[in-house]
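For reference, each letter of the sequence shown is one residue, going 1 to 579 in the UniProt record's numbering. Working notes, beginning with the structure itself.
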Amino acid sequence: MLLALLRQFIRPYRRLVMVLMGLQLISTLASLYLPTVNAAIIDNGIAKGDTATIIRLGIVMLVVTGLQVLCAVGAVYFGSRTGTGFGRDLRAAMFEHVITFSERETARFGAATLLTRSTNDVRQIVFLVQTTATVLVTAPIMCIGGVIMAIHQEAALTWLLLVSVPVLTGANYLIMTRMLPLFRRMQSLIDGINRVLRDQLSGVRVVRAFTRENFERERFARANSELSNTALASGNWQALMLPVTTLTINLSSVALIWFGGLRIDKGQMQVGSLSAFLAYFAQILMAVLMATMTLVVLPRASVCADRITEVLGTSAAVHNPANPHYPPGGVTGLVRLDQVTFTYPGAECPVLQDISFTARPGTTTAIVGSTGSGKSTLVSMICRLYDATDGTVFIDDVDVRDYDTELLWAAIGLVPQRGFLFSGTVADNLKYGKPDATDEEMWEALRIAAADDFVRTHGLHMPVAQGGINFSGGQRQRLAIARAVIRRPAIYLFDDAFSALDVHTDATVRTALREHASDATIIVVTQRIRTAAQADQVIVVDNGSIVGVGTHESLLTDCTTYAEFAASQAITADVGGIR
């Protein structure tokens, strides 16, 4: 998964990678050349007292060092550019893909894990890219080149390399196998702690209202403790890598000096050659150390890549058709459901069964029923947040699955039960409905939604906190209604969107809406019999099936479920006269 992800998103940066590799090649070759120059200075200059040779080779060493530093700095710069560009593209791809998800995919992953995968997981892979960019060429060339140069200096001591490198590699591999499952568990625990924090922050009022602060503290403490313990366990193994590497290097250096000293004592080796061999030996083990540090990042990045690939590899259940259809004269708002059945993934029974009805332009259709009867799911299928399991939803005699989703949603004004508002201003939120809306259009929409009274004090640039938490529930619903009204859609879908409004405001909004959208199709999910009584058509849903269709007056007589619903609110047929 990791390699496939890297290949896909590193491709646009091939030129930068080539430049990076070229700079690393020059920098590494310069580093490999320096010990040889140093050995020549010792053996041919210092040992013989040849000042001219010392100066000449010293200048060469300075030039090579300068070249090595410049190339190393350039490699770091281009490596950073590659890594940050890679991260930007991967985050953008995640965002673009996630916003295509239907309710099904969003519920499957959950907001907390999608947030973690788009931020923390991407950051881990970017860190791997930047780390790898540093050692991509340096480590293998330094290791291979160091071995060649060391053999060139003194072949008799190369057996020390054959012992040291496998020992170091084997020890680090053993540590890596212990770290991988811990990193996988740690990413899952990060999701969990994000989920707990999200619940606590979004539900802080409920927590305080029910005095559950201690319970939530303990809940967070458990999640935090699990994450800390797992991070500590992985950190202990990770911390072991550097001491093991350092111990191997130091023991090998002591052995090298010991055996090298014996050879010098016997006249079989020069001091400069031992100095160069020590330098190459250190470079070889440094290359192994650099590779080890990359391997430290690799397990966690591999887990993150699997999680990101899982998201990117998930196809949205709702997608555009290959050959979309659209009514020639545009959407007029005729909504028809034909034997529609819907079952949630993993559920044993359908939540909706054989639903059929028609909602015509210029009319209001109210959908009533008990909690959990499937009313909100029904609305979600009309605007294609879900696709029907069986049957068909038509808009203007075109299957909603045959529409281009952007064109379909542009013809629908949806107001969900929870009127979510985005952080910014009132104007920003209204422009979600119509990006080019004028001030006059925004004030008109606010007037229809009875929201102009509390907005006028601060104007259209009145601040809106995330989720609209600086407004009451009724104010949030009215602003959400205004956002739907401003786009003047052919179809309005109100999913219990008047529940937080008082009776007077409810009546005011519905009257203004009917005048404003006289030619539109209005479908209202409601628990209020007063709202249903004023609808042209009432659909009664019970246990996922339609048990009654008609006007308020006819259903009071013909539908027992509706009559009980009306009786529970102490309302009789004469409510129909309140128009």
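By construction, the Cβ of each residue, glycine as well, lies at the ideal position given by its N, Cα and C atoms.
- With at least 16 other beta carbons inside 10 angstroms of its own, LYS375 counts as buried.
- Going by DSSP, TYR492 is part of no alpha helix (DSSP H) but of the beta strand (DSSP E) stretching over 491 to 495.
- In the DSSP assignment, GLN537 falls within the unbroken beta strand (DSSP E) covering 537 to 542.
- As the crow flies, the alpha-carbon of TYR492 is around 35 Å from that of ALA209.
- DSSP places GLY413 inside the beta strand (DSSP E), whose first and last residues are 412 to 415.
- The alpha helix (DSSP H) runs lying completely inside the region 160 to 246 and spanning 4 residues or more are 204 to 209, given in chain order.
- DSSP places THR131 within a helical segment (H, G or I) once states are collapsed to three.
- In summary, HIS552 is buried, with 16 or more beta-carbon neighbours lying within 10 Å of its beta-carbon over all protein chains present.
- With respect to the 7 Å criterion, VAL538 and ASP495 are not classified as neighbours on the basis of their beta carbons.
- For PHE183, the closest C-alpha among the options THR211, ASN250 and ALA231 is that of ALA231.
- Per the C-alpha coordinates, the member of ALA484, ARG447, ARG56 and VAL147 positioned closest to ALA411 is ALA484.
- When ASP439, GLU441, THR438 and ALA366 are compared, the shortest CA-CA separation from PHE498 is found for ALA366.
- If you keep only unbroken alpha helix (DSSP H) runs of at least 4 residues inside the region 42 to 122, you get 51 to 98, 103 to 109 and 111 to 116.
- With contacts defined by Cβ atoms closer than 7 Å, ALA112 and ARG195 form a contacting pair.
- According to DSSP, PHE394 shares a beta bridge with ARG336 and ASP399.
- If you look at GLY550, you'll find it isn't in any alpha helix (DSSP H); it sits in the beta strand (DSSP E) that goes 545 to 550.
- As the crow flies, the alpha-carbon of LEU115 is around 13 Å from that of HIS97.
- ILE175 and VAL297 have their C-alpha atoms spaced approximately 13 Å apart.
- For THR511, there is no enclosing beta strand (DSSP E); the residue is part of the alpha helix (DSSP H) that begins and ends at 503 to 516.
- In this structure THR364 is in contact with ALA535, their Cβ atoms being roughly 5 Å apart against a cut-off of 8 Å.
- For ASP354, no alpha helix (DSSP H) run applies; the uninterrupted beta strand (DSSP E) run containing it begins and ends at 352 to 359, by DSSP.
- Contact holds between the region 313 to 321 and the region 84 to 103, because three or more Cβ pairs, one in each stretch, are under 8 Å apart.
- Residue environment: TYR173 is assigned as exposed (fewer than 16 neighbouring CB atoms within 10 Å of its CB, all protein chains considered).
- Of the residues PRO243, LEU240, PHE281 and MET241, the one whose Cα lies closest to the Cα of SER253 is PHE281.
- Taking ALA287 as reference, the option from THR132, ASP428, ILE190 and ALA155 with the minimal CA-CA separation is THR132.
- Excluding sequence positions up to five before and after GLY474, its CB lies within less than 6 Å of the CB of ALA500 and LEU501, all in the same chain and listed in chain order.
- Within the same chain, and ignoring the five residues on either side of LEU16 in sequence, the residues whose Cβ sits closer than 7 Å to its Cβ are PHE78, ARG81 and THR82.
- Looking only at ASN214, MET442 and ILE448, the smallest Cα-Cα distance to ASP506 is reached by ILE448.
- In this structure, the straight-line span from the alpha carbon of ASP121 to that of GLN24 is close to 28 Å.
- GLY424 has VAL464 as its beta-bridge partners, per DSSP.
- Take THR343, set aside five residues on each side of it, and the residues of its chain with a beta-carbon closer than 8 Å to its own are CYS349, PRO350, VAL351 and THR389, in chain order.
- Inter-residue distance for ASP399 and THR521 is about 17 Å (C-alpha atoms, whole angstroms).
- THR211 has its alpha-carbon roughly 53 Å from the corresponding atom of THR245.
- Burial check for SER202: the Cβ neighbour count within 10 Å stays below 16, so the residue is exposed.
- With a contact defined as Cβ atoms closer than 8 Å, LYS434 and ARG487 qualify at about 5 Å.
- Residue state for ILE522 is assigned as strand, using DSSP reduced to three classes.
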